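Counting from 298, one number per residue, gives the positions in the sequence shown under our numbering.
All C-beta atoms in this analysis are idealised placements derived from N, C-alpha and C, irrespective of residue type, glycine included.
All figures in this text were calculated on a predicted structure; none of them were measured in a lab.
Data first, discussion second: the structure below is written as structure tokens.
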Amino acid sequence: MQLDFNYNGLFHSAFNLEDARAAGVPEAVLAAAAAEQAKQSIDGAASRARSRHSTMISGQGSMYMIKADEAARYIAAGSPADASAYALLSAEAQALQITPQEQATRVIEARDGWLLVAARIEAARISGKAALDVLQEVDAVIAGSDATVEALDAI
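What follows is the structure in structure tokens.
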């Protein structure tokens with residue numbers, strides 16, 4: 298494992314863990330450096346988990362939010378027969394050859410399902426990273442990170 302860390306007023310980059318230990322760098326310093334590196338792995342695992350549940354192309358996240366907002370507004374307005382004020386909803390319903398009401402329901406169901414998955418991903422990501430901050434040994438940091446990445450990979 299290669300670590301970047303500050304010790305005795307000097308910045309050490311890509312320092313081999315075993316060499317750092319042999320040089321007498323305190324385990325807590327190495328654990329903190331390992332935690333920073335591990336947090337990046339956890340964020341990567343969260344990103345992979347999200348990508349398994351949504352389309353990861355530029356701007357798609359915004360489109361999902363706009364579509365969900367439009368569907369909610371359509372339903373709140375009583376699902377009017379004339380859905381022309383809801384451009385995305387109307388266009389998608391027409392493309393799928395279903396009613397705007399059916400498409401609004403589909404969009405809201407997809408949003409609600411995504412929110413449940415997103416909550417699980419964020420809970421695992423945030424708690425996993427927070428747990429690393431209190432660990433004082435590199436091996437514990439690695440084990441904690443591996444467990445969090447494994448949990449995220451299962452979502």
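Residue i: first and last residue of the uninterrupted alpha helix (DSSP H) it sits in
i, result
"Tyr371", "357-373"
"Leu300", "Note, Leu300: premise wrong, no alpha helix (DSSP H); beta strand (DSSP E) at 299-304."
"Val478", "Absent from the model: residue 478. The displayed extent of the chain is 298 to 452, so no value can be given."
"Thr396", "Here Thr396 belongs to no alpha helix (DSSP H), and DSSP marks it neither H nor E."
"Ser376", "No alpha helix (DSSP H) contains Ser376, which DSSP labels as neither H nor E."
"Leu432", "Looking at the DSSP string, Leu432 is not in any alpha helix (DSSP H), and its letter there is neither H nor E."
Limits of the beta strand (DSSP E) - the one that residue i falls within
i, result
"Leu307", "307-313"
Reference residue i, options the options, closest by Cα
i, options, result
"Ile418", "Ala343, Glu324, Gln299, Ala378", "Ala343"
"Arg408", "Met360, Ala382, Glu389", "Met360"
"Thr445", "Gln394, Gly356, Ala335", "Ala335"
"Gly321", "Tyr304, Leu432, Ile405, Ser348", "Tyr304"
"Arg285", "Asp301, Arg347, Ala368", "In this structure the chain extends from 298 to 452, so residue 285 is not present and cannot be described."
"Glu434", "Glu324, Arg349, Ser381, Phe302", "Glu324"
"Gly375", "Thr402, Gln337, Asp436", "Thr402"
Residue i and residue j closer than 9 Å at C-beta
i, j, result
"Leu307", "Arg318", "no"
"Ser442", "Ile354", "no"
"Gln400", "Ala390", "yes"
Rounded distance between the beta-carbons of residue j and residue i, thought under 8 Å
i, j, result
"Leu432", "Ala332", "7 Å"
"Glu367", "Leu385", "5 Å"
"Ala373", "Ile405", "Not a contact, Cβ separation roughly 11 Å."
Beta-carbon proximity list for residue i, same chain, < 8 Å, skipping 5 on both sides
i, result
"Gln299", "Ala311, Phe312, Asn313, Leu314"
"Gln357", "Ser351"
"Val438", "Ala328, Ala331, Ala332, Ala335, Leu429, Leu432"
"Arg370", "Tyr383"
Same chain, Cβ closer than 6 Å to residue i, neighbours up to 5 away in sequence not counted
i, result
"Ile452", "Ala346, Arg417, Ile418"
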